[in-house]
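Below: one structure, written as structure tokens.
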Amino acid sequence: MSTAEIATPMLSLEQKKRARNVGMSLIFLALVSAFFLSARPGDAGFKLVDSFTLVLPAQPFAQALAVLLGALGAIQLYRGFGKWTNVVLAFATAMFVVGFLAWATSGGSFNLTGMLQDTVTRSVPITLGAIAGILCERSGIINIAIEGQLLGGAFAGAVLGSLYGPWVGVLGAMAMGVGLSALLAVFAIRFRVDQVIVGFAINFFSLGLTSFLSQRVLTPYPEYNIVKPFTPYAVPLLSDIPVIGVALFTQTYFVYFSFFAVAATTWFMYRTRWGLRTRAIGEYPQAAGTLGIDVLKLRYRNVWLAGAIAGIGGAWWPIGTVGRFDQNITSGRGFIALAAVIFGRWHPVGALTAALVFGLAEAIQLKMSNLDTGIPSEFLLMAPYIVTLVVVAGFVGRSRAPKAAGQAYDASK
Amino acid sequence: MKRLFNYLGERLNKISSLKLTFLAVLSALVVGAFIIVVSDIDNLRDGDIIGALSTVGSAYWALVVGSFGSLRAISNTINSSTPLILCGVSVAIAFKAGLFNIGATGQMLAGGMTALWVGFAMDGPGYIQVPLAIIAGAVGGAIFGAIPGILKARTGAHEVITTIMLNNIAAFLILWLLKTNLFQREDRTDPISKLVSVEGRMPRLFGFLDGRSDLIAHIGFIVAVAAVLAYWWFLKYSTTGFEFRAYGLNADAATYAGMHVKRLTVLSMMFAGGFAGLAGAAEVLGTYGYASTNFAGNIGFDAIAIALLGQSTPLGTLVAAILFGALQAGGRQMQTNSDVPIDLIIVLRALIVMFIAAPLLVKTIWRTKNATVTAGQTFRGWGS
Numbered sequence: 007m008s009t010a011e012i013a014t015p016m017l018s019l020e021q022k023k024r025a026r027n028v029g030m031s032l033i034f035l036a037l038v039s040a041f042f043l044s045a046r047p048g049d050a051g052f053k054l055v056d057s058f059t060l061v062l063p064a065q066p067f068a069q070a071l072a073v074l075l076g077a078l079g080a081i082q083l084y085r086g087f088g089k090w091t092n093v094v095l096a097f098a099t100a101m102f103v104v105g106f107l108a109w110a111t112s113g114g115s116f117n118l119t120g121m122l123q124d125t126v127t128r129s130v131p132i133t134l135g136a137i138a139g140i141l142c143e144r145s146g147i148i149n150i151a152i153e154g155q156l157l158g159g160a161f162a163g164a165v166l167g168s169l170y171g172p173w174v175g176v177l178g179a180m181a182m183g184v185g186l187s188a189l190l191a192v193f194a195i196r197f198r199v200d201q202v203i204v205g206f207a208i209n210f211f212s213l214g215l216t217s218f219l220s221q222r223v224l225t226p227y228p229e230y231n232i233v234k235p236f237t238p239y240a241v242p243l244l245s246d247i248p249v250i251g252v253a254l255f256t257q258t259y260f261v262y263f264s265f266f267a268v269a270a271t272t273w274f275m276y277r278t279r280w281g282l283r284t285r286a287i288g289e290y291p292q293a294a295g296t297l298g299i300d301v302l303k304l305r306y307r308n309v310w311l312a313g314a315i316a317g318i319g320g321a322w323w324p325i326g327t328v329g330r331f332d333q334n335i336t337s338g339r340g341f342i343a344l345a346a347v348i349f350g351r352w353h354p355v356g357a358l359t360a361a362l363v364f365g366l367a368e369a370i371q372l373k374m375s376n377l378d379t380g381i382p383s384e385f386l387l388m389a390p391y392i393v394t395l396v397v398v399a400g401f402v403g404r405s406r407a408p409k410a411a412g413q414a415y416d417a418s419k
Numbered sequence: 245m246k247r248l249f250n251y252l253g254e255r256l257n258k259i260s261s262l263k264l265t266f267l268a269v270l271s272a273l274v275v276g277a278f279i280i281v282v283s284d285i286d287n288l289r290d291g292d293i294i295g296a297l298s299t300v301g302s303a304y305w306a307l308v309v310g311s312f313g314s315l316r317a318i319s320n321t322i323n324s325s326t327p328l329i330l331c332g333v334s335v336a337i338a339f340k341a342g343l344f345n346i347g348a349t350g351q352m353l354a355g356g357m358t359a360l361w362v363g364f365a366m367d368g369p370g371y372i373q374v375p376l377a378i379i380a381g382a383v384g385g386a387i388f389g390a391i392p393g394i395l396k397a398r399t400g401a402h403e404v405i406t407t408i409m410l411n412n413i414a415a416f417l418i419l420w421l422l423k424t425n426l427f428q429r430e431d432r433t434d435p436i437s438k439l440v441s442v443e444g445r446m447p448r449l450f451g452f453l454d455g456r457s458d459l460i461a462h463i464g465f466i467v468a469v470a471a472v473l474a475y476w477w478f479l480k481y482s483t484t485g486f487e488f489r490a491y492g493l494n495a496d497a498a499t500y501a502g503m504h505v506k507r508l509t510v511l512s513m514m515f516a517g518g519f520a521g522l523a524g525a526a527e528v529l530g531t532y533g534y535a536s537t538n539f540a541g542n543i544g545f546d547a548i549a550i551a552l553l554g555q556s557t558p559l560g561t562l563v564a565a566i567l568f569g570a571l572q573a574g575g576r577q578m579q580t581n582s583d584v585p586i587d588l589i590i591v592l593r594a595l596i597v598m599f600i601a602a603p604l605l606v607k608t609i610w611r612t613k614n615a616t617v618t619a620g621q622t623f624r625g626w627g628s
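Written out as structure tokens, the structure reads:
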């Protein structure tokens with residue numbers, strides 16, 4: 007008896023509640039599959055590669071899915087998966103999305119691999135924006151200006167890319183990102199202005215300036231706004247893997263860079279002196295300062311670096327996709343990136359996961375408008391946001407931010 | 245004599261914040277002028293600096309004339325300010341409780357739709373219908389605004405995420421609603437609503453002047469000013485208002501003092517939603533008379549800048565919103581008169597916010613003394 011008690015790790019009330027929420031949600035998803043997704047007969051074709059289309063009978067699949075999810079939910083409620091909870095939840099959600107797509111396409115077919123590729127492509131600006139946010143916030147500067155930095159990067163990338171080619175465009179976008187983030191740095195660090203205020207002001211400044219210049223300069227001189235975008239580069243060998251090869255390794259340089267940025271940031275943040283110091287000044291700058299770390303200098307550097315990365319994220323629009331700049335082309339992606347920072351709990355890999363979820367949402371939205379499902383398309387379009395809401399409320403819950411984020415550092419205090 | 249000097253010195257210190265605002269606006273205009281000149285490629289190619297400078301002159305003159313130059317301009321300014329004031333109060337009241345309401349856009353859409361429904365579905369004299377529709381707008385916005393509050397209180401989900409998500413949800417919800425039989429205008433296929441009945445429209449503010457149909461300002465402005473007054477009274481005299489401020493300044497202290505923090509979270513978001521809902525009602529019942537998909541525009545975001553500029557105080561928010569509204573009205577005139585795109589005013593707004601937020605900077609540039617240095621946090625940040 008007593009050994010069993012010791013063997014069971016103590017769970018806080020909050021953890022127990024979350025575990026229960028996970029179980030309940032699994033049961034809920036099972037019910038949806040059983041009564042809703044299984045209502046449409048017909049085969050759903052998922053085109054994986056040119057020569058092979060996976061045919062999934064929608065109805066039996068939904069029923070099997072309901073049983074599987076119900077079982078997982080029951081186990082979770084009865085004894086819990088412990089540290090595997092997140093893995094189980096991710097797996098269950100992925101299966102549910104497949105079931106949902108099978109339901110939506112039943113009687114037709116669509117290109118699943120293409121959608122996955124689209125997902126990864128569309129996650130790029132969100133990932134890079136979120137990395138920029140993490141770099142700043144981990145060192146104690148709230149970066150609400152991600153949207154502005156993305157937009158500035160997109161503008162600079164379009165103009166310089168049109169004049170001197172895409173690579174110069176990317177450099178220009180980085181420079182623009184650094185410029186805007188330097189503004190944030192100077193105001194937040196040097197003048198100790200409220201970081202949220204500066205951040206928002208930079209967003210407006212960037213939106214206003216790029217819209218103004220685009221109407222005043224780019225409209226009469228369209229030759230400044232036509233970029234030759236990067237074409238996808240197939241990584242040798244890796245791109246030959248079916249499905250994954252197309253989704254992950256037949257992409258533009260932007261995708262590879264975003265993977266690299268996530269890996270590098272994770273490594274830097276947790277394996278280097280620079281990262282340790284960054285985390286220190288984001289949590290308790292006074293202590294870090296006492297130990298001889300130059301808090302202000304490190305903050306400046308991290309904010310500049312963040313700006314450069316966000317700038318590249320902005321360059322994705324003109325140089326990675328459409329080849330031109332339009333007013334407010336980012337349309338709120340910077341705020342989605344901000345949500346990804348919190349959603350991903352200030353960890354680069356978490357942010358990447360969140361960005362992929364939002365990327366999937368965008369990719370599904372595009373597909374959904376072509377499918378006839380019988381329920382108004384608006385509700386399908388709204389679904390990803392509702393899911394995010396449920397996930398954040400049900401599973402993520404109270405997230406712990408870097409403690410000093412938002413506070414100006416004053417060495418004399 | 246010495247006492248007199250001391251007194252005058254104090255007075256000067258007090259007006260320094262007004263001086264600061266003036267200098268901040270001036271600085272913003274100078275930077276704006278620079279941007280106009282630099283982007284005037286045609287004149288610059290000809291080496292015509294005078295021509296470029298005259299563009300600045302005519303643009304800024306149009307800005308003044310278009311915002312305050314005539315009764316019509318003033319009416320336009322009032323009309324643009326109305327939703328900005330209401331949404332500004334919405335964001336400000338959340339800031340006071342330490343919460344960040346990015347969701348004014350969604351709340352405005354929700355409130356606009358409920359007000360619209362009362363507006364066209366009801367038949368009755370205007371003096372009953374209009375107040376009912378306004379209340380419906382406030383209730384609709386409050387219900388929609390309460391969602392992030394409840395989510396935060398019960399699960400700790402951060403309001404920045406939830407309000408952004410709810411903005412998107414509201415946008416699609418409106419798109420769907422405007423295509424249902426209930427809302428869609430007969431004989432139309434695009435998402436556009438039925439017209440609010442003539443009695444249900446908000447009366448024109450200058451309705452007593454016959455034959456001036458170009459004076460579009462409506463009594464929504466009175467609602468907005470009343471909302472500011474209510475906000476002022478609420479903060480200064482009500483117990484809940486005091487609790488809001490305590491909660492916003494120090495959540496732990498408020499908890500220890502025995503305040504129901506969860507209730508305050510829900511209430512503050514509900515109030516915020518209610519004010520934004522009023523803005524939606526004002527736009528639908530006053531300005532347009534119907535709803536389209538984007539009747540909320542960017543007002544919810546502009547409101548954040550307004551609340552920041554006004555430091556979330558009632559008077560500050562009112563003045564900032566009128567300033568922004570004047571820029572909006574003047575900007576349209578500027579675009580027609582001088583070919584300078586209206587987007588310049590977004591830049592000007594950003595610069596004004598930036599300069600006002602950084603008194604130290606203005607002080608350095610204009611070499612003034614006595615500028616007060618403000619620093620601190622607007623909202624509680626990402627934690628708890």
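Chains as they are written, first to last, in the numbering used here: chain V, 7 to 419; chain Z, 245 to 628.
Backbone N, C-alpha and C fix where the C-beta goes; we use that ideal spot for every residue, glycine too.
Treat the numbers as computed from the prediction; the structure is a model and nothing was measured.
Test: residue i CB closer than 9 Å to a CB of chain Z
i: Leu157/V; result: no
i: Gln292/V; result: no
i: Leu366/V; result: no
i: Asp56/V; result: no
i: Thr99/V; result: no
i: Ile12/V; result: For Ile12/V, the predicted model reports a pLDDT of 45, less than 50, meaning its position is unreliable; a value from the coordinates is still stated below. So no, Ile12/V is outside the interface.
i: Ala345/V; result: yes
i: Asp246/V; result: no
i: Leu186/V; result: no
i: Val204/V; result: yes
i: Met388/V; result: yes
i: Gln123/V; result: no
i: Asn209/V; result: yes
Residue i: contacting residues in chain A (beta-carbon distance under 7 Å)
i: Arg222/V; result: Reference to chain A is not applicable here, since the protein chains of this structure are V and Z.
Cβ-based burial, residue i [other Cβ within 10 Å; buried from 16]
i: Thr483/Z; result: exposed
i: Ala399/V; result: buried
i: Ser314/Z; result: exposed
i: Asp292/Z; result: exposed
i: Gly524/Z; result: buried
i: Lys89/V; result: exposed
i: Pro324/V; result: buried
i: Ala13/V; result: Confidence at Ala13/V is low in this model, with a pLDDT of 46, below 50, so the placement of that residue should be treated as unreliable; the coordinate-derived value is given next. Exposed, since its Cβ has fewer than 16 Cβ neighbours within 10 Å.
For residue i: DSSP bridge partner residues
i: Thr237/V; result: Answer is none; Thr237/V lacks a bridge partner.
i: Phe488/Z; result: Paired residues: none, contrary to the question.
i: Asn117/V; result: Lys53/V
i: Gln257/V; result: Tyr239/V
is_contact[residue i, chain V] using C-beta, thresh 9 Å
i: Ala549/Z; result: yes
i: Ala615/Z; result: Any reading at Ala615/Z needs caution, since the residue's pLDDT is 48, under 50, leaving its predicted position unreliable; the model's value is listed next. No, because no Cβ of chain V sits closer than 9 Å to the Cβ of Ala615/Z.
i: Leu588/Z; result: yes
i: Asp286/Z; result: yes
i: Met352/Z; result: no
i: Thr358/Z; result: no
Of the listed residues the options, nearest to residue i (C-alpha basis)
i: Phe265/V; options: Gln221/V, Ile137/V, Phe210/V; result: Ile137/V
i: Ala50/V; options: Leu62/V, Ala164/V, Gly365/V; result: Leu62/V
i: Phe42/V; options: Phe106/V, Phe197/V, Ser168/V; result: Phe106/V
i: Gly560/Z; options: Asn287/Z, Asn581/Z, Gly276/Z, Val333/Z; result: Val333/Z
i: Gly363/Z; options: Leu493/Z, Leu426/Z, Met578/Z, Arg398/Z; result: Leu426/Z
i: Ser44/V; options: Leu54/V, Leu32/V, Gln65/V, Phe58/V; result: Gln65/V
i: Ile148/V; options: Ala269/V, Leu156/V, Gly139/V; result: Gly139/V
i: Ile463/Z; options: Ala495/Z, Ile405/Z, Gly347/Z, Leu522/Z; result: Leu522/Z
i: Leu366/V; options: Lys53/V, Ala253/V, Val328/V, Gly319/V; result: Ala253/V
Report the start-end ranges of each beta strand (DSSP E) in the segment 427-458 of chain Z that is 3 residues or longer and not cut off at the edges. Runs found: none.
Legend entry - Whole alpha helix (DSSP H) elements within the segment 261-325 of chain V, 4-residue minimum: For the segment 261-325 of chain V, whole alpha helix (DSSP H) runs of length 4 or above, ordered along the chain, are 279-289, 291-296, 301-321.
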